[in-house]
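Quick mapping for you: the protein sequence lines, in order, are chains S and A.
Going by our numbering, the first sequence opens with residue 7, and the numbers climb by one from there.
Going by our numbering, the second sequence opens with residue 47, and the numbers climb by one from there.
We treat Cβ as the ideally placed atom computed from N, Cα and C, and that holds for glycine.
This structure is a prediction, so every number in the text was calculated from the model and none was measured.
A quick write-up on the structure given underneath.
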Amino acid sequence: MLSLALRSLRHRATAFVASFLAMLLGAVMIMSFASMLDTAGGTGVSDANVETLVTMASVVGGWSLILVLFAVTSTLSLAVRQRATEMALLKSIGATPAQLRRMILGETAVLAVAAVALAVLPGMLGGRALLALLIDTEQVAPDVTHVFGPAALSMGCGITFVAAVGSAVLTARRTTGLRVTESLMDATAEPRRMSRKRLVGGIVFLLLAADLAVVTATVMHGEGSDAMQTAGQTSIWASIGFALLGPVLVRRVAGLPAAPLERFGGAAGHLTVQNVRQRAHQMAGALMPIILFTGIATGTLYMQDVDSAAIAAEGLLKNDEQKSIETLNFVVIGMVVLFAAIMLINTLVATTTYRRGEFGRQRLTGATPGQVLAMVTLESAVLTVTGVLFGAVASLFTILPFTFARTDTVLPDSGPGTFLAIVAVAAVLTMAASLATAVRALRIPAIEAAAV
Amino acid sequence: MTQRIKPQGEALRLVSVRKVYGTEDNPVTALANVSLSLSAGTFTAVMGPSGSGKSTLLQCAAGLDRPTEGRVYVDGTEMTGGSEAELTKFRRKRIGFVFQQFNLLPTLTVLQNVLLPLKLAGRRANPDAAVDILRRVGLGDRLGHRPAELSGGQQQRVAIARALVTSPKLIFGDEPTGALDTRSAREVLTLLQETVRFYGRTVVLVTHDPVAASYADSVLFLADGHLVGHLADPTAEAVAERLTRLGDEVAARRAMSGV
Ligand SMILES: Nc1ncnc2c1ncn2[C@@H]1O[C@H](COP(=O)(O)OP(=O)(O)O)[C@@H](O)[C@H]1O
Ligand SMILES: [Mg+2]
């Protein structure tokens, strides 16, 4: 099975690019931050500095694990689903589910090893840059020297590998559990209903977020910057909750503009409405990264803004801990943005490429390339608006309780600028990825495209 | 169904159409200098061995592809225009298609699929007319079904209804019975015949099946990109016999020229 895995990797290189990129970026980040542990272990580092360095490493390490797990699962399951027909064929010629699982695991393991090996050098440089940043902002003494040692290597390899293999197991279980006829169907059919597990998962995450929001507003009230400990993660859990409920959200909420789209959107509007109704699961795949991106970025940036304003209002300067928390927040946002962008682009490129045949059939029925692009644009707009809407709601789970805990008011003073910038990034990424892929799909003659 | 429309004039004319695929160093001539003229209200089958250029002929005549040289007139109007959008707009007023693979949109219902060409053309999509056509092809009770819920023969009848809904002068079929069982194939061919007999449409059918060709008024034979014969009022036996002879000739000619 390993040789089959290697061959499959070589032939499907593009399908795995996104998974590989997620692993590589994850490994680089983990190594950079884990090297702070090695650095803290150096001689002559003060206790305060050790604490700063260790916090930095452990918080970001935990984050990376979640992000890599999420991003790799999402990209990998797309890569595998695109090969549903191949999997079904392998099964019909006698490959057992266990053999297929081993193949997917083998492919992922090979990717993870390559990603980790390539990550060492950039990880080293990243760690050095990070320490320089900490020294520049006077959070660590200038005489501390950067060490890249066993912690960086073992955490970098370990976490990336665990996340990658964990994702592969999840993906493989889902893909290979289907029976032969089912998986042949799965290549074309869309499930009518959302799975119960997904629904329950979504609700559990939302309840968790609601619970943490209450804790922030009550228990953490008046605790100063410490309220971030509960508030910071709330928007993440809420975002994940909404992301899991994606298919329902797409069908219900994105279905709201159906009437005006049908009436005034022309043929493109008509097709968009049908696609939103019939392809809810496919669209939910792209909705997920938009919600995560908007929810986590908005929540964290506004929380940081409220905190900085509160410190300034008290006429104080930020202490070391507050400064390193701020750095951490920005780093986490940077990571989330990066991973969400990879997931978003990957999902959109994969699903849009997958739709070449549909575009071809539309063109043969009389759609001009402009009409196809208009449809893709409308769909992207529906997707962006829905994603941004629920991302914004998720961010409120962090912003409102934190603002109350920190300043006794409910709404922050900060303007909408940051939020608008986040929305703009989400919209540009969504539009650009979908349209660029659609334009490429339209270059294939309609007859050939319809044949795939 | 008794009222017959008597069409007049020429529905399709090809003048010295050539189509060359491939690169400069390695050109593949799929069509070499094909000229033909089809009167309105006729049913023509195009036959030939595999690779003889049947699909290419259909695609050039239907504006799905541009000929390398030569001119195409549909219903008296020359097909010009370089961009795909221009060709699409030309096509959707005049031409309907039926393909081997049906090419229906899976997310749309039967009725929505049939109405789509009108919507795309920005024309008032009158459901009554579409329902009427669907009834005529025997699918009046399947309006709300999706293609996946229909048999191959039923899907192809939806495709025929979709091709008819814009009232095009010309209807092209590329092996429309290729994926169907004998009975469904017969139904589809009878439907195509009726659109010619009763509604005055012009049908061009690409096929390699002599039985399918026998439904047409006349058969054109194609070999190596050349029109090499014509047969009026074909029977399946005559077509099959002619086709066998053609295959032998082509093989002999290829052996002679050493290809
Ligand atoms: N897109 C293409 N690129 C290159 N060659 C092609 C292409 N389409 C068809 N051909 C070649 O042109 C010739 C005619 O093909 P086609 O019209 O498909 O024949 P038929 O439909 O009669 O089987 C064949 O030799 C085929 O290989
Ligand atoms: Mg052909």
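Where residue i falls, given that 16 or more other Cβ within 10 Å makes a residue buried
i      : result
A/L77  : buried
A/D255 : buried
A/H276 : exposed
A/E295 : exposed
S/P148 : exposed
S/G397 : buried
S/M62  : buried
A/F89  : buried
A/Q54  : exposed
A/R170 : exposed
Contact check, residue i vs residue j, beta carbons under 8 Å
i      : j      : result
S/V416 : S/L406 : yes
S/G366 : S/A456 : yes
A/L166 : S/Q377 : yes
S/T58  : S/D326 : yes
S/V312 : S/T413 : yes
A/V92  : A/L268 : yes
A/A262 : A/T223 : no
S/P263 : S/V388 : yes
S/L255 : S/L350 : no
S/M234 : S/I331 : yes
A/S230 : A/G271 : no
S/A223 : S/A400 : no
S/T81  : S/A28  : yes
S/L117 : S/F26  : yes
For residue i, the three-state DSSP class (helix, strand or coil)
i      : result
S/F94  : For the record, residue 94 of chain S in the displayed sequence is Ala; it is not Phe. In this structure, S/A94 counts as helix in the three-state DSSP scheme.
S/P422 : coil
S/E144 : coil
A/P193 : helix
A/K100 : helix
S/N352 : helix
S/E483 : Limits of chain S in this structure are 7 at one end and 458 at the other, which puts residue 483 of chain S out of reach.
A/T117 : First, the amino acid is wrong: residue 117 of chain A is Arg here, not Thr. Three-state result, A/R117: strand.
S/F22  : helix
A/E354 : Shown here, chain A extends from 47 to 305; a query on residue 354 of chain A therefore has no answer.
A/G219 : strand
A/A108 : coil
A/S213 : coil
A/N79  : strand
S/T304 : helix
S/S70  : helix
S/E268 : helix
Where the alpha helix (DSSP H) through residue i begins and ends
i      : result
S/L262 : Here S/L262 belongs to no alpha helix (DSSP H), and DSSP marks it neither H nor E.
S/I242 : 234 to 250
A/E70  : A/E70 -> no alpha helix (DSSP H), and no H or E assigned at all.
S/V282 : 272 to 284
S/F403 : 375 to 413
A/L150 : Per DSSP, A/L150 belongs to no alpha helix (DSSP H) and is neither H nor E.
A/T228 : 228 to 243
A/R182 : 173 to 182
Contacts that residue i makes with chain D (C-beta to C-beta distance below 9 Å)
i      : result
S/P253 : Here chain D cannot be found, since the structure's protein chains are S and A.
Min CB distance residue i to chain A below 8 Å
i      : result
S/R258 : no
S/Q368 : yes
S/H287 : no
S/I450 : no
S/S264 : Correcting the residue identity first, residue 264 of chain S is Ala in this sequence and not Ser. By this cut-off, S/A264 is not an interface position.
S/T383 : no
S/L190 : Caution is warranted here: a pLDDT of 40 is assigned to S/L190, below 50, making its placement in the model unreliable, and the coordinate value is therefore given only provisionally. Not one chain A Cβ lies under 8 Å of S/L190.
S/H276 : yes
S/Q328 : no
S/T374 : yes
S/A290 : no
Where the beta strand (DSSP E) containing residue i begins and where it ends
i      : result
S/V210 : It is not in any beta strand (DSSP E) - S/V210 instead sits in the alpha helix (DSSP H) that spans 202 to 224.
A/V274 : 272 to 278
A/A91  : 89 to 93
A/T248 : 248 to 252
A/F143 : 141 to 145
A/F267 : 264 to 269
is_contact[residue i, chain S] using C-beta, thresh 8 Å
i      : result
A/K65  : no
A/E130 : yes
A/P163 : yes
A/T153 : yes
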